[in-house]
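Enquirer: For the sequence shown, position 10 matches number 10 in UniProt numbering, and the numbering has no gaps at all. Ideal placement from N, C-alpha and C gives every residue a C-beta, glycine not left out. There's a structure below that I have some questions on.
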Amino acid sequence: MCGIVGYLGEKKATPILIEGLSKLEYRGYDSSGIAVVENGEVKIEKCRGRLSNLKDKVLDKDFTSSIGIGHTRWATHGEPSDVNSHPHSNQDGTIAVVHNGIIENYIVLREWLISEGYKFVSETDTEVIPHLVDYYFDGNLEDAVIKATKRMEGSYALGVISKNDPDKIVAVRKDSPLVIGVGENESFIASDIPAVLNSTRDVYLLEDKEFVVMTKSGITIYDENKNKVDKQIFHVTWDIDAAEKGGYEHFMLKEIYEQPKAIKDTLTSRIVKGEKIKIDGIHLTKEQIENFDRIYIIACGTAYHSGVVGKYVIERLAKIPVEIDVASEFRYRNPLITEKTLMICISQSGETADTLAALRLAKEKGARIIAITNVVGSSISREADDVFYTWAGPEIAVASTKAYITMLIALYIIALYMAEVKNTVRATEIEKIKDGLLNLSEKTAEILNDIEPIKAFVDEIYKHKDVYYLGRGLDYAVAMEGSLKLKEISYIHSEAYAGGELKHGTIALIEEGTSVIALATQSDLYDKMVSNIREVKTRGAKVLGIAMEGQTEIEKTVDATIYIPKVMSILAPVLSVIPLQILAYYTAVKKGCDVDKPRNLAKSVTVE
Ligand code: F6R
1 MCGIVGYLGE
11 KKATPILIEG
21 LSKLEYRGYD
31 SSGIAVVENG
41 EVKIEKCRGR
51 LSNLKDKVLD
61 KDFTSSIGIG
71 HTRWATHGEP
81 SDVNSHPHSN
91 QDGTIAVVHN
101 GIIENYIVLR
111 EWLISEGYKF
121 VSETDTEVIP
131 HLVDYYFDGN
141 LEDAVIKATK
151 RMEGSYALGV
161 ISKNDPDKIV
171 AVRKDSPLVI
181 GVGENESFIA
191 SDIPAVLNST
201 RDVYLLEDKE
211 FVVMTKSGIT
221 IYDENKNKVD
231 KQIFHVTWDI
241 DAAEKGGYEH
251 FMLKEIYEQP
261 KAIKDTLTSR
271 IVKGEKIKID
281 GIHLTKEQIE
291 NFDRIYIIAC
301 GTAYHSGVVG
311 KYVIERLAKI
321 PVEIDVASEF
331 RYRNPLITEK
341 TLMICISQSG
351 ETADTLAALR
361 LAKEKGARII
371 AITNVVGSSI
381 SREADDVFYT
391 WAGPEIAVAS
401 TKAYITMLIA
411 LYIIALYMAE
421 VKNTVRATEI
431 EKIKDGLLNL
441 SEKTAEILND
451 IEPIKAFVDE
461 IYKHKDVYYL
471 GRGLDYAVAM
481 EGSLKLKEIS
491 YIHSEAYAGG
501 ELKHGTIALI
511 EEGTSVIALA
521 TQSDLYDKMV
531 SNIREVKTRG
541 AKVLGIAMEG
551 QTEIEKTVDA
561 TIYIPKVMSI
571 LAPVLSVIPL
581 QILAYYTAVK
591 KGCDVDKPRN
601 LAKSVTVE
């Protein structure tokens with residue numbers, strides 16, 4: 001994620017840009033920058049760190065310009081640094097661009113532009129854009145931007161200015177949000193409504209590939225063929241606080257709804273139909289992959305639960321034995337590590353103290369380390385040998401949702417990548433799983449578009465003091481995550497058990513009315529799971545089943561069923577966790593809990 005803003009009007013642009021960016025810091029905050037057209041020149045100020053650093057820098061300058069663009073960054077390509085910060089410019093500094101999104105074909109474009117004589121200074125995907133605009137610039141900025149975007153694949157919301165077509169901001173979006181604020185003798189661009197609310201409540205909500213040209217005489221919107229588009233003004237009635245959450249009541253719900261996009265972003269450029277898997281940050285040779293005799297997956301909490309899925313998936317596809325452990329245990333148990341050991345450390349924040357310590361221990365003993373993390377430039381990403389960035393965007397709610405889902409996606413990609421290199425799975429099977437992965441975003445959206453059947457169970461769950469989650473195989477891994485979600489935000493005690501393990505003790509707790517959530521999405525374990533459900537049912541449990549569309553046999557045994565869309569069993573965790581997130585969320589809301597900031601918890605645990 002990242003945030004962009006733009007201002008064109010009669011006031012000084014700089015303070016308005018800074019104010020707008022401050023409302024977008026929730027979208028990213030590892031660096032920021034602005035560009036203005038000052039005395040006929042494009043002036044750029046940008047730096048690493050929080051917005052306050054930029055504020056200090058630009059206040060000294062006292063720019064008088066009334067046209068400018070700004071950016072707050074959440075790094076995806078290239079670590080947070082001054083040079084990687086936006087705005088980016090062309091070689092002679094006549095064009096400046098702010099960008100939110102990912103240009104998927106940036107490597108191809110970059111190579112082509114270099115062959116055309118362009119020089120690059122940053123590691124970002126964005127830098128191709130000002131060079132492309134420069135390439136097509138012929139005196140009219142919007143024409144150049146339209147031509148440039150025709151070459152770009154991926155997602156983008158852009159703000160562009162140029163000293164050679166001054167008094168103008170050109171903006172466009174595709175698969176990244178962008179709104180246009182309509183004020184009196186002034187107009188704004190912003191990634192999100194809160195950034196303009198201090199100045200106006202009237203906005204245009206742009207559709208994909210709509211181009212905006214803002215000048216002193218007004219706002220014109222075009223389609224990609226430069227036909228004028230008539231748009232209705234949308235009048236915002238929410239307050240700023242609600243608007244920051246995109247109209248959702250809590251960040252957690254917003255982040256649950258961001259999952260389809262997060263899945264897509266994480267797959268982007270890594271899984272392409274019919275092509276070999278490419279993982280940008282992992283540089284292992286075939287020989288190295290074949291040499292690993294053991295993998296440790298190490299993480300904490302929700303990240304650990306994603307690792308449990310990873311263990312099943314890597315063993316099944318890459319055929320390498322995988323041990324999974326919580327970081328705080330691993331580091332004190334004298335684990336057996338050799339140069340043939342691969343360690344995969346998973347951490348949303350990339351700063352969790354136990355995970356970092358486990359990484360250091362394994363590295364010292366000669367293991368190769370892959371980090372899966374959401375935060376570019378985090379400690380874990382810097383200390384690992386290879387990094388897989390999950391491009392989920394900043395996660396604000398303490399309870400992890402979209403980061404968990406993208407960790408799963410990362411693990412599928414790594415497992416498939418190893419299987420492809422080692423030739424452990426037939427190519428047709430690999431293609432089938434890739435297809436399945438590419439369809440997951442849509443299927444996730446399908447679940448989120450109709451949550452009423454899931455919410456219907458909240459009244460039941462909410463009255464209980466204890467809830468049990470059951471599953472076998474991959475369903476057991478998801479049961480653990482569902483259970484953690486419920487306990488951490490609703491404070492209802494819950495436990496997850498492997499279906500077959502129940503009879504070895506825990507079943508003693510089942511009595512009339514005990515609440516059980518049973519996952520039965522795995523076709524090879526379906527009958528066994530149904531018989532485990534029968535065991536608790538006959539002892540009086542009230543059971544909510546989670547199954548895949550078409551697996552209706554379960555209805556004979558449970559009290560109610562939620563169905564997830566049909567996918568290959570191996571991919572089911574990505575879908576089956578969603579009803580569990582929704583159940584936990586609405587149960588916590590009904591109990592009046594502080595959903596985004598549950599008691600006793602912190603988003604990033606940087607102490608042992
Ligand atoms: C639960 C949750 C925590 C984190 C854990 C590890 O919803 O978010 O359990 O998963 O503290 O954090 P990271 O992934 O940042 O290492």
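Between Glu38, His77, Asp60, Ser85, which has its C-alpha nearest Tyr29's C-alpha?
Expert: If we check each option's Cα against that of Tyr29, Ser85 comes out closest.
Enquirer: Please confirm whether any heavy atom of the ligand F6R lies closer than 8 Å to the CB of Leu484.
Expert: yes
Enquirer: Apply the 10 Å Cβ neighbour rule to Tyr26 and answer buried if 16 or more other Cβ atoms are within range, or exposed otherwise.
Expert: buried
Enquirer: Assuming contact is defined by CB atoms lying nearer than 9 Å, are Tyr468 and Thr506 in contact in what I supplied?
Expert: yes
Enquirer: How many angstroms separate the CA atom of Asp594 from the CA atom of Ser81?
Expert: 35 Å
Enquirer: Could you tell me how far apart the beta carbons of Leu178 and Leu206 are, in whole angstroms, since I believe they sit closer than 8 Å?
Expert: At roughly 5 Å, the Cβ-Cβ gap stays under 8 Å, so Leu178 and Leu206 are in contact.
Enquirer: Measuring straight from C-alpha to C-alpha, what distance separates Ile189 and Ser483?
Expert: 42 Å
Enquirer: Could you name each continuous alpha helix (DSSP H) segment of 4 residues or more that falls completely within the UniProt domain "SIS" (285 to 424), going from the start of the chain to the end?
Expert: Those alpha helix (DSSP H) runs which fall completely within the UniProt domain "SIS" (285 to 424) and span 4+ residues are 286 to 291, 301 to 318, 327 to 330, 353 to 364, 379 to 383, 402 to 422.
Enquirer: Give the single residue among Ile295, Gly513, Phe330, Leu580 whose Cα lies nearest to the Cα of Leu486.
Expert: Leu580
Enquirer: Look up Thr561 in the DSSP assignment and say whether it is helix, strand or coil.
Expert: The answer is strand: DSSP assigns Thr561 an E or B state.
Enquirer: For the segment 381 to 390 against the segment 300 to 320, do three or more pairs of beta-carbon atoms, one drawn from each stretch, fall closer than 8 Å, so that the two count as touching?
Expert: no
Enquirer: Quick one: which unbroken beta strand (DSSP E) runs of 3-plus residues sit fully inside the segment 102 to 184? Chain order, please.
Expert: 156 to 162, 169 to 174, 179 to 182
Enquirer: Considering just the uninterrupted stretch of the beta strand (DSSP E) at Ser436, what are its terminal residues?
Expert: According to the sequence shown, residue 436 is Gly rather than Ser. Not the beta strand (DSSP E): Gly436 falls in the alpha helix (DSSP H), residues 427 to 448.
Enquirer: Looking at the unbroken beta strand (DSSP E) that takes in Leu470, where does it start and where does it end?
Expert: 466 to 471
Enquirer: Below 9 Å between beta carbons: does that hold for Ile461 and Ala410?
Expert: no
Enquirer: Output yes or no for whether 9 Å exceeds the beta carbon distance between Glu127 and Val172.
Expert: Cβ atoms of Glu127 and Val172: not closer than 9 Å.
Enquirer: Hey, is Cys593 close to the ligand F6R, as in C-beta under 8 Å from one of its heavy atoms?
Expert: no
Enquirer: Note down the Cα distance separating Gly78 from Thr220, rounded to an integer number of angstroms.
Expert: 34 Å
Enquirer: By Cβ distance below 8 Å, which residues in the same chain neighbour Glu442 in space, the five residues on each side in sequence not counted?
Expert: Pro260
Enquirer: Checking 9 Å against the spacing of the C-beta atoms, do Val589 and His131 come in under that value?
Expert: For Val589 and His131, no; Cβs fall outside 9 Å.
Enquirer: Please report the residue range of the alpha helix (DSSP H) in which Ile582 lies.
Expert: Start and end: 572 to 590.
Enquirer: Under the rule that 16 or more other beta-carbon atoms within 10 Å means buried, what is Thr237, buried or exposed?
Expert: Classification for Thr237: exposed.
Enquirer: Which residue's Cα is closest to the Cα of Thr64: Val182, Ala13, Gly436, Asp435?
Expert: Ala13
Enquirer: I need the boundaries of the alpha helix (DSSP H) containing Asp459, first residue and last residue.
Expert: Bounds of the alpha helix (DSSP H) holding Asp459 are 458 to 462.
Enquirer: Which residue comes first and which comes last in the alpha helix (DSSP H) that contains Ser515?
Expert: From DSSP, Ser515 is part of no alpha helix (DSSP H) but of the beta strand (DSSP E) over 515 to 520.
Enquirer: Ends of the alpha helix (DSSP H) at Met529?
Expert: 526 to 537
Enquirer: Is it buried or exposed for Gly159, if we count other Cβ within 10 angstroms and need 16 for buried?
Expert: Buried: at least 16 other Cβ atoms inside 10 Å.
Enquirer: Less than 8 Å between the CB of Glu603 and some heavy atom of the ligand F6R, yes or no?
Expert: Glu is not the amino acid found at residue 603; the sequence shown has Lys there. The answer is yes for Lys603.
Enquirer: Based on the DSSP output, what are the partners of Asp596 in its beta bridges?
Expert: DSSP output for Asp596 lists no bridge partner at all.
Enquirer: How many Å lie between Ser217 and Glu10 at the Cα?
Expert: 12 Å
Enquirer: What does Ile454 pair with, by DSSP beta-bridge criteria?
Expert: According to DSSP, which records beta bridges pairwise, Ile454 is partnered with nothing at all.
Enquirer: Which residue marks the beginning of the alpha helix (DSSP H) containing Gly78, and which one marks its end?
Expert: Annotation: Gly78 is outside any alpha helix (DSSP H) and is labelled neither H nor E by DSSP.
Enquirer: Quick one, which of Lys23, Leu601, Val98 has its alpha-carbon nearest Ser400's?
Expert: Checked all of Lys23, Leu601, Val98; the closest Cα to Ser400 is Leu601.
Enquirer: Within 10 angstroms of its Cβ, does Glu186 collect 16 or more other Cβ (buried), or is it exposed?
Expert: buried
Enquirer: Quick check on Glu249 - is its C-beta less than 9 Å from some C-beta in chain D?
Expert: Absence of chain D from the displayed structure is noted, only one protein chain being present.
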